[in-house]
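Take a look at the structure below.
Residue numbers (our numbering): -8 to 583.
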């Protein structure tokens, strides 16, 4: 048996390509493509042309029906006489409208489904407007369709896009508009008619034709209707500005022989690939040509593959072992083809990876571990230099000295400061009761009152039932600090900070931190709330952002902030947190 182990892989593939792919596949596919694609494309183009022509004729029939109705109304002398007449009383007009005009205008809709409504417009002041007779107002005269019909030198009908002005109509529609007055005539009142074509009849006309492409109804270069999903049917667009993709077939049907549709046309765009789709569906013909190609190709490929498969499988198995950190080399027979060279390079790569892992990677890990331990040692050394007990003892010594000197107010402030330091450093967990949090707030406010004197007053109110409720540590204190510094300090008069904790009617926990200080400008408040929601940078307003980000961390999407402020009238912030431990109830935190 002939061995191909020493034949280069490139030469093997070249032989397979020439014998199994190039000669049979090219010949059969060229024959198939030349015969079937040309025939199918010609037939498809004829079908598309006939379909577009049918759409043209159907659309023309709808427009002709409206034009025919306009001619009947135009030549109806009795109807024109009713519109020209000056009515002495409203009842005279109502009798004429009920007896003749209403029947005349409504008799066409049941016969012609494409006609949605017939409306007559006049400036006869003695007519009671309503139903299908409308007054020509200044708003009517501003409509584009009214200006176009007014500029027309003749009383010929025009097909225009209009905006309906009666109840129940939505979107633009196509209408046949015609002036009833003759130019230069003796009529005392201006009169015109508008016959609306039902938009659904136009949509149905385009939907009934199953074409794999986009259809456009154009007036000049304006798209009046289209089946293109990327362009809404109700929107006027410039067709000339849209680029036609390559390999697109464009077929057009115009209304050149119709005066009132002289600038209208129907254009179809179809991808050439869709037109030739039926070519790809010719499975039987393809199969008859493919069977001999597959048989010949299979036999030749099997013959060549026998020299490749076993060695490639062996390389693949060893590569999978490398993934599991097994770096075994491949025992290989002597071979000079590409697979033999690949085996040699694989063995060399395996040995290099093994050396790198043991000699470089592990050593680097050890180095990083030593560096980490050294950094941790330095951190512990720095932490050990800070002894909170020294701070507490020092503050207690100062407080006792103040008491001995009868400086009770100073001693009280030092005592409150020591309590704040002790609580902030001694709490061993992130959650505390509301009672502990309010104690911390009270200590802070006592210190602030010592600082501001009579300018600051505060009240803390809490229901007994909520004092055991758990909230994140340091939730209210930063906000109270923010209220005193940015609210009370900047205010000119006496200040009040109100801190309340209670449950509302919905069993929600309400915590309020409110001040009557300087307030926040509306634009700054809006910017602050926007920054809370969209920025992770602390920046300014550290107290508010610190509380907000910690609550977001704890409650995720169950937290909501609200705020209200009036410049010069105080500030109040509001946060809503759902408390899952108490069912569907919410924790609402209102704060500055």
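Ideal Cβ positions, reconstructed from N, Cα and C, are used throughout, including at glycine.
Rounded straight-line distance, which links the Cα of residue j to that of residue i
i, j, result
"residue 508", "residue 483", "8 Å"
"residue 264", "residue 238", "8 Å"
"residue 308", "residue 344", "17 Å"
"residue 61", "residue 27", "51 Å"
"residue 57", "residue 171", "15 Å"
"residue 341", "residue 6", "33 Å"
"residue 166", "residue 194", "15 Å"
"residue 29", "residue 279", "19 Å"
"residue 129", "residue 181", "13 Å"
"residue 434", "residue 454", "19 Å"
"residue 35", "residue 47", "18 Å"
"residue 318", "residue 3", "31 Å"
"residue 585", "residue 72", "There is no way to answer for residue 585, as the model of the chain reaches only from -8 to 583."
"residue 374", "residue 444", "The predicted position of residue 374 is uncertain, since its pLDDT is 44 and thus under 50; a value taken from the coordinates is nonetheless stated next. Roughly 37 Å between the two C-alpha positions."
"residue 116", "residue 81", "11 Å"
"residue 593", "residue 196", "Residue 593 falls outside the range modelled here, since the chain spans only -8 to 583, and no answer is possible."
"residue 188", "residue 154", "12 Å"
"residue 19", "residue 216", "45 Å"
"residue 437", "residue 551", "30 Å"
"residue 352", "residue 439", "58 Å"
"residue 311", "residue 358", "30 Å"
"residue 207", "residue 108", "25 Å"
"residue 67", "residue 139", "24 Å"
"residue 354", "residue 547", "42 Å"
"residue 131", "residue 53", "25 Å"
"residue 466", "residue 560", "24 Å"
Under 8 Å between C-beta atoms of residue i and residue j
i, j, result
"residue 489", "residue 450", "yes"
"residue 42", "residue 202", "yes"
"residue 15", "residue 287", "yes"
"residue 404", "residue 431", "no"
"residue 133", "residue 112", "no"
"residue 244", "residue 44", "yes"
"residue 303", "residue 330", "yes"
"residue 487", "residue 506", "yes"
"residue 492", "residue 457", "yes"
"residue 535", "residue 470", "yes"
"residue 306", "residue 261", "no"
"residue 69", "residue 91", "yes"
"residue 218", "residue 199", "no"
"residue 146", "residue 169", "yes"
"residue 122", "residue 88", "yes"
"residue 542", "residue 566", "yes"
"residue 554", "residue 520", "yes"
"residue 562", "residue 478", "yes"
Where the alpha helix (DSSP H) containing residue i begins and where it ends
i, result
"residue 54", "29 to 65"
"residue 136", "135 to 142"
"residue 331", "329 to 347"
"residue 69", "68 to 75"
"residue 250", "Counting along the chain, residue 250 falls outside any alpha helix (DSSP H), and DSSP gives it neither H nor E."
"residue 472", "468 to 474"
"residue 131", "129 to 132"
"residue 116", "It is not in any alpha helix (DSSP H) - residue 116 carries neither H nor E in the DSSP assignment."
"residue 525", "513 to 525"
Beta strand (DSSP E) segment containing residue i, residue limits
i, result
"residue 152", "149 to 153"
"residue 556", "550 to 557"
"residue 126", "124 to 126"
"residue 447", "447 to 453"
"residue 241", "239 to 245"
One or two residues paired with residue i in a DSSP bridge
i, result
"residue 463", "422"
"residue 184", "111, 169"
"residue 493", "501"
"residue 255", "210"
"residue 121", "124"
"residue 205", "260"
"residue 486", "447"
"residue 106", "188"
"residue 217", "207"
"residue 663", "Beyond the ends of the chain as shown, which are -8 and 583, falls residue 663; an answer cannot be given."
"residue 164", "153"
beta-carbon residue i near the ligand NAP non-hydrogen atom, thresh 7 Å
i, result
"residue 250", "As for the ligand NAP, it is missing from this structure, which has no ligand bound."
Between the region 21 to 28 and the region 292 to 301, are three or more C-beta pairs nearer than 8 Å? no
The region 212 to 223 in contact with the region 61 to 79 per 3-pair CB rule at 8 Å: no
Just checking, does the region 422 to 433 make contact with the region 460 to 468 on the three C-beta pairs under 8 Å criterion? yes
Would the region 135 to 152 count as touching the region 245 to 255 if we require 3 or more Cβ pairs under 8 Å? yes
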